[in-house]
Amino acid sequence: MIHGPASDAEIPGWISALGIDGLVDLHLHFLPKQVMDKVWAYFDQAEEHYGMAWPVHYRTPEEERIETLRSFGVRRFAPLVYPHKPGMAEWLTSWALEFAERVPEAVPTGTFYPEPSALSVVDGALRAGARCFKAHVQVGAYDPRDELLDGVWGALADAGVPVVVHCGHGPLKGAYTGLRLFEEILVRHPSLTLVLAHAGMPEIDFAFELARKYPRVYLDTTMVGVEFTSRGNPLPRDWTDLLAEFPDRVVLGTDFPNIPYSYATQLQAIAGWAADDRLGEPFLRAVLHDTPAKLLSV
Numbered sequence: 001m002i003h004g005p006a007s008d009a010e011i012p013g014w015i016s017a018l019g020i021d022g023l024v025d026l027h028l029h030f031l032p033k034q035v036m037d038k039v040w041a042y043f044d045q046a047e048e049h050y051g052m053a054w055p056v057h058y059r060t061p062e063e064e065r066i067e068t069l070r071s072f073g074v075r076r077f078a079p080l081v082y083p084h085k086p087g088m089a090e091w092l093t094s095w096a097l098e099f100a101e102r103v104p105e106a107v108p109t110g111t112f113y114p115e116p117s118a119l120s121v122v123d124g125a126l127r128a129g130a131r132c133f134k135a136h137v138q139v140g141a142y143d144p145r146d147e148l149l150d151g152v153w154g155a156l157a158d159a160g161v162p163v164v165v166h167c168g169h170g171p172l173k174g175a176y177t178g179l180r181l182f183e184e185i186l187v188r189h190p191s192l193t194l195v196l197a198h199a200g201m202p203e204i205d206f207a208f209e210l211a212r213k214y215p216r217v218y219l220d221t222t223m224v225g226v227e228f229t230s231r232g233n234p235l236p237r238d239w240t241d242l243l244a245e246f247p248d249r250v251v252l253g254t255d256f257p258n259i260p261y262s263y264a265t266q267l268q269a270i271a272g273w274a275a276d277d278r279l280g281e282p283f284l285r286a287v288l289h290d291t292p293a294k295l296l297s298v
């Protein structure tokens with residue numbers, strides 16, 4: 001089973017042979033249609049933004065995307081939302097909570113932005129059952145150390161609810177990106193359950209340093225180790241050594257639907273890492289199901 005599924009059609013049989021009842025994807029996206037349309041329009045101009053094309057592989061209506069995930073055998077997933085300006089976080093959080101009510105596989109999620117209402121939005125989402133939050137420092141272009149967010153980080157740490165944070169420099173460096181900057185949040189809130197999106201690319205080595213220092217720091221696999229990303233952000237030579245050190249702190253993430261390749265491509269990359277004798281199928285079961293299921297309490 002280490003070779004991974006050759007195509008999306010092979011995913012269900014592959015995960016069944018691993019002995020798991022489905023995938024748990026902790027990092028993918030569903031958004032209100034008008035927001036998703038704008039996200040896709042941005043990717044249409046990827047050559048201008050990133051210097052390379054980024055064709056969205058699963059550019060289909062919402063219901064079709066949900067059925068696509070079901071066909072893969074995705075048992076539970078965290079539909080992440082994120083604002084890029086003030087006044088969006090409460091609306092997006094309400095939308096995500098409603099989405100989870102009508103889609104059984106979806107886990108209730110929330111988001112926030114540095115504005116006076118930030119803590120009340122997060123508190124309300126937690127009371128409504130939110131089990132995961134997303135913070136996109138790059139897109140939001142905000143300082144995560146903003147005093148308006150200090151209570152938010154504290155509330156999330158106290159609740160033990162994971163927050164998926166895109167704070168790395170990839171694919172574009174932002175005014176407040178960088179893992180060393182975000183470590184200041186962990187110094188203040190060391191019990192924060194933090195999932196580093198994209199394994200903190202391109203600062204992967206430092207991401208694992210944070211995992212050594214803080215036992216509640218995890219890394220997700222989103223776009224990690226696939227050819228599209230590795231051309232500019234190759235994995236460190238000691239990648240499987242690092243994974244072997246933290247096999248239970250890596251979780252499945254894919255960025256579905258906004259990926260320029262198939263869902264199976266990410267699974268193939270993860271399966272390739274498991275070819276290391278120190279990892280194997282126990283590592284695959286942990287990454288693809290057990291660890292994200294534990295974090296999402298499903």
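Residue 65 in the UniProt record's numbering is what sits at position 65 of the sequence shown, and the numbering runs on without skipping anything. All C-beta atoms in this analysis are idealised placements derived from N, C-alpha and C, irrespective of residue type, glycine included. Note that the coordinates shown come from a computational prediction; the quantities given were computed from them, not determined experimentally.
task = Starting from the C-beta of residue 89, find all residues in its chain whose C-beta is less than 6 angstroms away, skip the five residues before and the five after it, and write them out in chain order.
result = Position 89 of the sequence shown holds residue 89. Closer than 6 angstroms at Cβ, skipping near neighbours: 83, 111, 112, 113, 121.
query = Between 190, 184, 276, 179, which lies nearest to residue 205 when the distance is taken from Cα to Cα?
reply = As a first step, residue 205 is located in the sequence shown; it is residue number 205 there, counting from the start. Nearest option by C-alpha distance: 179.
task = Starting from residue 132, follow its DSSP beta bridges and name the residues at the other end.
result = As a working note, residue 132 is residue 132 in the sequence shown. Answer is 109, bridged to residue 132.
query = How far does the beta strand (DSSP E) with residue 77 in it reach, from first residue to last?
reply = Working through the sequence shown from its first residue, we reach residue 77 at position 77. Residues 74–80.
ask   = Contact between the segment 11–24 and the segment 231–250: three or more CB pairs below 8 angstroms?
value = These segments do not touch.
inquiry  = Quick check on DSSP: helix, strand or coil for residue 248?
reply    = Mapped onto the sequence shown, residue 248 falls at position 248. Coil at residue 248, not helix or strand.
task = With a 10 Å radius around its C-beta and 16 neighbouring C-beta atoms as the bar for buried, classify residue 277 as buried or exposed.
result = Start at 1 with the first residue of the sequence shown, and residue 277 comes out as number 277. Its Cβ having fewer than 16 others within 10 Å, residue 277 is exposed.
request  = Going by CA-CA distance only, name the one from 128, 220, 70 that's closest to residue 97.
outcome  = Along the sequence shown, read from residue 1 onward, the residue named residue 97 stands at position 97. Out of 128, 220, 70, 128 has the C-alpha closest to the C-alpha of residue 97.
message = I need the straight-line Cα distance from residue 226 to residue 200, nearest angstrom please.
response = For the purposes of this step, residue 226 is taken as residue 226 along the sequence shown, with counting starting at 1. For the purposes of this step, residue 200 is taken as residue 200 along the sequence shown, with counting starting at 1. If I take the Cα positions, the gap works out to 15 angstroms.
query = For residue 25, which residues does DSSP report across the bridge?
reply = The sequence position of residue 25 within the sequence shown is 25, counting from 1. Partner(s): 77.
request  = Give a yes or no on contact between the segment 152–167 and the segment 124–140, applying the rule of three or more CB pairs nearer than 8 angstroms.
outcome  = yes
key: Where residue 166 sits in the DSSP three-state scheme   = Residue 166 sits at position 166 when you count from the first residue of the sequence shown. Strand.
ask   = Going along the chain, which residues of its own chain have a beta-carbon closer than 7 angstroms to the beta-carbon of residue 106, five neighbours each way excluded?
value = The residue labelled residue 106 in the question sits at position 106 within the sequence shown. Once the five neighbours on either side are set aside, the close Cβ partners of residue 106 are 77, 79, 99, 100.
Nearest-angstrom beta carbon gap, residue 10 and residue 264 [assumed within contact, 8 angstroms] = The residue given as residue 264 occupies position 264 in the sequence shown. The residue given as residue 10 occupies position 10 in the sequence shown. Their Cβ separation, rounded to whole angstroms, is 7 angstroms, which keeps residue 264 and residue 10 in contact under 8 angstroms.
message = Here's the rule: buried if 16 or more other CB atoms are within 10 angstroms of the residue's CB, otherwise exposed. What is residue 184?
response = Your numbering for residue 184 matches position 184 in the sequence shown. With fewer than 16 other Cβ atoms within 10 Å, it is exposed.
query = Any heavy atom of the ligand ATP within a distance shorter than 7 angstroms of the CB on residue 159?
reply = As for the ligand ATP, it is missing from this structure, which has no ligand bound.
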